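Sequential numbering of the sequence shown, starting at 0, is according to numbering that gives the first Met the number 0. For every residue, glycine included, the Cβ atom is placed at its ideal position computed from N, Cα and C. These figures come from a predicted structure and were not determined experimentally. Report on the following structure.
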Amino acid sequence: MDRLHKIFYGAGREAAYKLPVWEAKGISPTCFTDADQSKHYTKFMDIYGDYTPYNILPLQEAINKYPDYLLYISLTKSSWRDITDYLIGAGIPQDKIRYTEPVEWRKGCAHLGTFMNNDANLRICLSPLLLEGLHCGISDNIEDNFTNYFDNVTKRINELKSEQLTSCEGCIHLKYDFWNTQTPKINTLFFGSVHDDFCNFKCLYCGKHLKNNHEALRQRAKKIIETIKHYCKTTINGTVMFANGEPLLSFTNGEFDEIINLIKSNGLRMHIATNASIYSEAMAGSLKEGFGSIVVSIDAGTQKTFAKVKGNDCFEKVVDNIAQYAGIAPGAVFIKYILVEGENDNEYDIDNFILIHDKLNLSTPAALSFAMDFENCTAPLPLPEHSLTIATYFIRLCKEKQKTYSIVYDYLHLKDVAYLQQACETEYDE
Ligand code: SF4
0 MDRLHKIFYG AGREAAYKLP VWEAKGISPT CFTDADQSKH YTKFMDIYGD YTPYNILPLQ
60 EAINKYPDYL LYISLTKSSW RDITDYLIGA GIPQDKIRYT EPVEWRKGCA HLGTFMNNDA
120 NLRICLSPLL LEGLHCGISD NIEDNFTNYF DNVTKRINEL KSEQLTSCEG CIHLKYDFWN
180 TQTPKINTLF FGSVHDDFCN FKCLYCGKHL KNNHEALRQR AKKIIETIKH YCKTTINGTV
240 MFANGEPLLS FTNGEFDEII NLIKSNGLRM HIATNASIYS EAMAGSLKEG FGSIVVSIDA
300 GTQKTFAKVK GNDCFEKVVD NIAQYAGIAP GAVFIKYILV EGENDNEYDI DNFILIHDKL
360 NLSTPAALSF AMDFENCTAP LPLPEHSLTI ATYFIRLCKE KQKTYSIVYD YLHLKDVAYL
420 QQACETEYDE
């Protein structure tokens, strides 16, 4: 434990809320300092507005009084970089500056090591691309998978720490920030599609040609259940996500019940990418109880386009089923439009998709995503100009209707990300 005096920089709301947590971790202030002169020579107030024993002094006076000091930044994390630069500029040696969490400044990514992606490969982040160092073969031995996962995570973090150029370059999620020094914990356990999963749709962008091989499906389900059981040993509040074909058809009712029980009894959440062609009482129950959520890629606003893009002519049934789920939990049902070049990239379908979102009374954003080569997981190419025009139309329409929306950038070329982010920031006059 440090015996040096701890001067806390920032006597505001963040400190008022977090002080008890920091003190419990052994980080207790000797005094505070703050840029706001009106606080100087007063006592720090806690969350309830009561005075604490801690004086708030001007920075230099605090340092003069406690020359054997460490300066802890007690402001929100988003300000740490700017405040650090300011303090160094004000003559505070960098080795005197501390943070209220164990962090290091480096390149990193919030999804690295927090998203365990299990499909035909084992991936250590949410990128669907087969990037060097970020994926490996998946084993039948569940423990080996977790070991390999964390080995690869540690390796990539060390590469980023030492400023090596890695396959993360060019990813929108890579950025300099304060990253925790501890190994990340998995917060999302994801099961994507493999060839043995089953689906009753044939979406144009999927290309997995999923078959109904009963024996292979049961083996796959068994492995998924074992993986969840292993995950439950190490987490208390994560999410299990399913996009394994049509999950409600890839599991038997008994398997799905077992999965739901595991998730519920371990306090986890469940998120399912379903095509909503069948209504599941078990799924509805998870929505009602508050631990489940679903996303449905409708990819159309009309029956004709739906049948063409999804390979199954059941548009009305799907919308009816979503409406039933939405009636139970409007904040846990998401709908998405995956734009496919030359198939559904027209204003009429987008208009109708947004009307469906209106009618469903969802409190979740309408999402726009883009088809990628999910079969080969190759790096994204720039979008055709017409796709960008339609995506901009979607953004503009949502803004005009004051509807919350989201754009899924993960499968896009950086050039298109910049273009669409700009469109999101643009004010459209109507
Ligand atoms: S590829 Fe992107 S999402 Fe994956 S670890 Fe690298 S920066 Fe993060």
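Is it the case that the Cβ atoms of residue i and residue j are separated by a distance below 8 Å?
i      : j      : result
Leu338 : Phe305 : no
Cys124 : Cys135 : no
Thr113 : Lys228 : no
Gly330 : Thr301 : no
Ile355 : Ile389 : no
Glu245 : Thr273 : yes
Asn54  : Cys30  : yes
Phe177 : Tyr85  : no
Val193 : Arg217 : no
Gly206 : Glu374 : yes
Ser138 : Asp409 : no
Val308 : Ile334 : no
Phe241 : Ile262 : no
Thr51  : Lys38  : no
Ala417 : Leu361 : no
Ile353 : Ala366 : no
Phe145 : Thr182 : no
Ala61  : Thr83  : no
Going by DSSP, what residues sit across from residue i in a beta bridge?
i      : result
Ala272 : Val294
Thr83  : Answer is none; Thr83 lacks a bridge partner.
Tyr71  : Phe7 and Arg97
Arg105 : Asp176
Cys30  : Ile6
Phe149 : Its beta-bridge partners do not exist; DSSP assigns none.
Phe114 : Thr187
Asn120 : Gly136
Looking at the structure shown, is residue i part of a helix, part of a strand, or coil, going by DSSP?
i      : result
Pro246 : helix
Thr304 : helix
Phe200 : coil
Thr238 : strand
Pro52  : strand
Asn212 : coil
Thr187 : strand
Lys42  : strand
Gly253 : helix
Asn144 : helix
Tyr404 : strand
Leu133 : coil
Leu164 : coil
Asn157 : helix
Asn311 : coil
Thr226 : helix
Glu426 : coil
Is residue i near the ligand SF4, in the sense that its beta carbon is under 7 Å from a heavy atom of that ligand?
i      : result
Leu111 : yes
His134 : no
His412 : no
Leu173 : yes
Ser161 : no
Cys170 : yes
Ser368 : no
Cys376 : no
Leu387 : no
Leu125 : yes
Cys30  : no
Leu130 : yes
If you measure from the CB of residue i, is any heavy atom of the ligand ZN nearer than 7 Å?
i      : result
Leu121 : Of the ligands one can find in the structure shown, namely the ligand SF4, none is the ligand ZN.
Fully enclosed by the stretch 321-392, which beta strand (DSSP E) runs are 3 residues long or longer?
Correct list: 332-338 and 365-369.
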